[in-house]
Each structure stands twice: as C-alpha cells, then as structure tokens.
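In what follows, a single structure is set out as structure tokens and then discussed.
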Amino acid sequence: MKLLSTFAASPYDIADLHLFRDVDIASAAALLANCPVMLTAAGEAVSDPARPRLVIVLRGALADATGDGATTRILPGESAGEQSVLDGEADLSGLKALEASELLLIDADLAWRLIEEADGVARNLLRLLSFRIRAASMQLRRRQKLGEFYRQLSLNDGLTGLYNRAWLNDVLPRLVSTAHATRAPLSLIMLDIDHFKKFNDRHGHQLGDSALRIAAQLLAGALRPTDFAARYGGEEFMVILPDTPGAVAAGVAERLCERMRETMVFDDMRLPLPHVTASFGVACLADGQDDHALVAAADGALYRAKAAGRDRVIVAVEVAVTAQPAA
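Read the sequence shown against UniProt numbering and you will find it ends at 327, with the numbers running on by one and no gaps.
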C-alpha cells in the first residue's frame, strides 16, 4: 500500500461516505483531516491486518473473505473493520483489493472519538452492524436449508427416491431402541425382486431401473405415513412398520406381494413386459433383539420364501433373546 495524501488533501467528500451520512460534517471532517489515504494495487492485501481500524473504500473495491469461505464486496463509500474497532480483536487479513483502490484508514482510537464526538456516527454504525447481522442471519438460514437439502440427498436413493442404506443404518437402531423402551411392536419386511438379474439381462438396464422405480412407487404408495420404505441394496427393499405386530405386518406383506404381482412394466413402445414379482420375509422385534438380529430374522424369512418358490411371504418365527449368565 502506498500513501497518497491525507483525507483533508484528497478530492473526496465526507458526505459520500456511508458512515458519515447525516452527521455533523464539520466535527467529523476535523477529526478525519490527518487520516491517511492509501493506494492499493489489485490483489494486494490491506497492510497490518492485526491493527484495529476502519477501512473505507474511496475508489475501487475490496473483497472481504471470511473464515467460512464467504466473500463480501465492499464498494466506494462502504467500510470494513467495524468489529475490530468495537472489540479490539482485529483480523483484516481477508481484505484484498479487487482492483486498484484508494482507501481511507481510521485507527481505532480515532474511530472511538468519532463515535463519541461526531453526532450521528454511532447511529450510522449501529445501522450498518444491524444490516450486517441481518445479512449474516439470512446467509446462515440459506446455508442451513442447503445443508438440509444435501443431507436429505445423502439419505435418499438416487434411483428410487426411497431412503437408502445410510438412512437405515442411522434410523433403524433408534427405532428398535424406542420400541424396546416403550414396549411397542416393531415389524420389518424385506423383499427381493424375483429373477431380477434375468429381467435385467433380457430387457436391459434401463427397463431394469424402471422396474425398480415402479416397485419403489408401489411400496411408497401402499404404506401409512408412519411407515418407512428403503432400498436396502440392488433389487432388495426394506419396509419398517412401527407399532405393528407380526400378524399385521404379514398382512401388509401379502397385500404388497399381490400388488407387485399385478403391477406391469412397459417397454419404450408401451408394450407390457412380463410381470415382476417379489419374495417377502417378515420379522417382528422380539425381546432382547437388536437391529442386526431383527434384519437377520427378516432376511432369513426372505431366503426361505425364495427357496419355497418365490412370489410369496414367509414370516420369521419370533425368538426372544435373553442375556447369557456369566460363566
């Protein structure tokens, strides 16, 4: 940065600076008279960033990069460094010139004299800080919404729109803990599209994906708002039924099996392809079971449904798990 002149010797008008609008110009100008006006080149950082002071852009523009990656443009008449003056903890290292710029530098001690002696400066500073707080709050809300959006994306399967395995790994253990704590039933349905590899090989991956999406839509449309459907992996899906005993869950699985049997997949010419069926395994949470044991029980029932000829529902036998006595 290069010293050009003092503010009194510069061509700039104090009335054009936002901090001094509707302020007692005479008293403010007298205090600012000997403040340096500095020239900074494009890309150059503001010198001595650990020094608390106000930096006012007279010509050009600055970029203020914060620690969270956000960047604010500071244009002629606007200022930076107010927080460093107020709390004495300066960090102006993020200030860089976007182009050749002329800056008015006001040290913290003089800034406090302006606040105390020039009527209106304190009011303008308060307005400026209030605006920045609102802007920061709005930016934080936008980031929170964006973060929630990406979080939801990370928990949903890209092909089917159902919850994915990561969501299951997070939520199922909590649902199991809640069911045990409240002594409420919790049932699980696992289903696997029958002969999906053959369907995929014969009709192509696009129609295979279409079949998976149709199966997902069937599941999502047939469940209660309190139930959950997820893609477990490949052509396997999982349905979680809170507050549902095994007998009721078996009825739900039978209904889903029938609907799957009746659902049609169409090719690009809108010609129906062979019906897609699925095999279902049902398990109800038993005393002492954790989420892994519950999934294993449903998966075992699913395996038996496939071994018995597919396109059917098998219910796992409920077995209570008790703690083993110490040896």
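Positions of the beta carbon are idealized from the N, C-alpha and C atoms, including for glycine.
Ala216 is the residue among Leu110, Ala97, Ala216, Leu103 whose C-alpha sits nearest the C-alpha of Leu159. Contact between Leu172 and Ile240 holds, with the beta-carbon distance rounding to 7 Å and staying under 8 Å. Residue Thr178 holds the alpha-carbon nearest to the alpha-carbon of Gln289 among Ala108, Glu82, Thr178. Note: Gly233 is bridge-paired with Glu236 in the DSSP secondary-structure output.
According to the DSSP assignment, Cys284 belongs to the beta strand (DSSP E) that extends over 278-284. In the same chain as Leu19, and ignoring 5 residues on each side of it, the C-beta atoms closer than 6 Å to its own belong to Ser79, Asn124, in chain order. A residue is called buried when at least 16 other Cβ atoms come within 10 angstroms of its Cβ; Glu102 meets this threshold and is buried. Annotation: Val171 is outside any beta strand (DSSP E); the continuous alpha helix (DSSP H) that includes it extends over 165-182. Leu212 is not a Cβ neighbour of Thr263, given a cutoff of 7 Å. The residue among Pro274, Pro36, Leu114 with its C-alpha nearest the C-alpha of Leu58 is Pro36.
In the DSSP assignment, Met264 falls outside any beta strand (DSSP E), carrying neither H nor E.
Among the bridge pairs identified by DSSP, Met190 is matched with Met238, Gly281. By the criterion of a C-beta distance shorter than 7 Å, Met260 is surrounded in its chain by Ala215, Leu218, Val276, Thr277, Ala278, once the five residues flanking it on both sides are discounted.
When the five nearest sequence neighbours on each side are left out, the beta carbons in the same chain lying within less than 6 Å of the beta carbon of Thr72 are those of Asp64, in order along the chain. When DSSP states are grouped into helix, strand and coil, Ala9 belongs to the coil group. The beta carbon of Asp291 lies closer than 7 Å to those of Leu172, Pro173, Val176 in the same chain, with the five residues before and after it left out. Per the C-alpha coordinates, the member of Glu235, Ser210, Leu186, Asp192 positioned closest to Phe228 is Leu186. For Val295, the uninterrupted alpha helix (DSSP H) run begins and ends at 291-307, by DSSP.
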